[in-house]
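Here is the structure we will look at, set down as structure tokens.
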Amino acid sequence: MNNANCNTQAVQNEVVNIITSVTNIDSNRLLQVRDLSSLGLDIIDVVDIILEVEKTYHLTIPDEVPVYTVDDFVNYVCTHTMKQAG
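The sequence shown begins at 1 in UniProt numbering and counts up by one.
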């Protein structure tokens with residue numbers, strides 16, 4: 001993703017696909033939860049999700065950045081891909 005107008009729906013779809021592929025959790029269920037930790041993910045799952053998002057979008061998510069929800073990932077990706085493009 002390399003444009004200044006982030007397509008949040010496309011990013012959300014991709015993030016959901018990544019989380020689904022790492023965890024085998026149904027995508028509909030992912031969009032219904034407020035916090036991914038409520039799905040019983042362990043630290044390895046979370047790290048795998050972060051690594052896949054970083055690889056997909058060619059960015060680094062620092063450890064101190066809170067990514068607890070699908071929206072957290074989407075907001076981070078959109079904010080940082082827009083900075084890279086601009």
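We put the CB at the ideal spot given by N, CA and C, even for glycine.
{"Check": "Residue 87 versus Ile49 - alpha carbon distance", "Outcome": "Nothing can be reported for residue 87, as the shown portion of the chain is limited to 1 through 86."}
{"Check": "For Leu39 and Val33, believed in contact at Cβ under 8 Å, the rounded distance", "Outcome": "6 Å"}
{"Check": "Residue from Thr20, Val77, His58 and Ile18 whose Cα sits closest to the Cα of Pro66", "Outcome": "Val77"}
{"Check": "Element boundaries [alpha helix (DSSP H), containing Leu31]", "Outcome": "Ser27 to Gln32"}
{"Check": "DSSP-derived helix/strand/coil call for Leu39", "Outcome": "helix"}
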